[in-house]
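Asks: Numbering of the sequence shown is given in the numbering used here, commencing with residue 174 and proceeding in unit increments.
Glycine residues also receive a C-beta, built at the ideal position from the N, C-alpha and C atoms.
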Amino acid sequence: IPNTRLLGTLGYIAEFTDPDRFDVYCRFDALVGNVKEFGILTGNLELEAIIETLRDGMVGSNLRYAAISRGRDGGTFITRTERWDLPAMPVVVVDPTGAGDAFTAGIAWGLARRLPLERTLLLGNALGGLATRRLGAQTSLPDWSEVAAITGVAESEWRE
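(1) So, Gly283 versus Thr293, is the Cβ gap smaller than 8 Å?
(2) With a cut-off of 8 Å on the beta carbons, I'd call Gly247 and Pro260 a contact; round off their distance for me.
(3) Where does Leu308 fall in DSSP's three states?
(4) With a threshold of 16 other CB atoms inside 10 Å of the CB of Val267, please say whether the residue is buried or exposed.
(5) If we ignore side chains and look at the alpha-carbon of each, how far apart do Arg287 and Val265 end up?
(6) I need the straight-line Cα distance from Arg194 to Gly279, nearest angstrom please.
(7) With DSSP collapsed to three states, give me the class of Ala321.
(8) Assuming Thr277 is part of the alpha helix (DSSP H), what are its boundary residues?
(9) Which residue or residues does DSSP assign as beta-bridge partners of Asp258?
(10) What is the residue span of the beta strand (DSSP E) that Ser242 lies within?
(11) Per DSSP, Gly206 is paired with what?
(12) Taking the beta carbon of Ile174 as the centre, do at least 16 other beta carbons fall within 10 Å, making it buried, or is it exposed?
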């Protein structure tokens, strides 16, 4: 299907020990994970080295985007030539369970809706941050009004 895009999450990367795993993951259009997961995938520990390896992997592959959750430090979104870094949302953290999944959901929504890439990262950061405010993963998922309040972007703009 020509318009299909594949989003790969890195949650199980530690269990996938194939020596060619980086090449396998470069078959996705976009990758989403945290710094530790991308570190395992790329063999690098530092964010800048991870980004360099990902950008090298984007050459001649399907991989066009990577979104990196940096937890309390925010998030990073890269393409081969561009980079966006946004700080974490100002929330009182109660339980981080589900924050990574919420971040991934925001990135997936933004890409599927073809939002500008910086706005896509903003949504990922907002959902990830807001998901930490209550105990448990399901009970902490925000609604659009909460996303609008924390991002300063009108609720209707997220759903256009």
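Replies: Quick answer:
(1) Locating residue 283 in the sequence shown gives position 110, counting from the first residue. Locating residue 293 in the sequence shown gives position 120, counting from the first residue. In contact: Gly283 and Thr293 (Cβ atoms closer than 8 Å).
(2) Mapped onto the sequence shown, residue 247 falls at position 74. Mapped onto the sequence shown, residue 260 falls at position 87. Right, their Cβ atoms sit about 4 Å apart.
(3) What you label residue 308 is simply residue 135 of the sequence shown in a count that begins at 1. In the displayed model, Leu308 falls within coil according to three-state DSSP, outside both helix and strand.
(4) Here residue 267 corresponds to residue number 94 of the sequence shown, with the count starting at 1. Taking all protein chains shown into account, Val267 has fewer than 16 neighbouring C-beta atoms within 10 Å of its C-beta and is therefore exposed.
(5) Numbered from its first residue, the sequence shown carries residue 287 at position 114. Numbered from its first residue, the sequence shown carries residue 265 at position 92. Those two C-alpha atoms are separated by around 30 Å.
(6) Residue mapping note: residue 194 aligns to position 21 of the sequence shown, counting from 1. Residue mapping note: residue 279 aligns to position 106 of the sequence shown, counting from 1. Taking the straight line joining both Cα atoms gives about 25 Å.
(7) By 1-based counting over the sequence shown, the position of residue 321 is 148. Ala321: helix per DSSP, three-state reduction.
(8) Residue mapping note: residue 277 aligns to position 104 of the sequence shown, counting from 1. From DSSP, the alpha helix (DSSP H) with Thr277 extends over 272-285.
(9) Counted from its first residue, the sequence shown places residue 258 at position 85. Partner residues in the beta bridge of Asp258, as assigned by DSSP, are Thr249.
(10) As a working mapping, residue 242 is identified with position 69 in the sequence shown. Looking at the DSSP string, the run of the beta strand (DSSP E) that includes Ser242 is 238-242.
(11) Residue mapping note: residue 206 aligns to position 33 of the sequence shown, counting from 1. Partner(s): Ile241.
(12) Position 1 of the sequence shown, counting from 1, holds the residue named residue 174. Its pLDDT being 43, under 50, Ile174 is placed unreliably by the model, and nothing is read from it.
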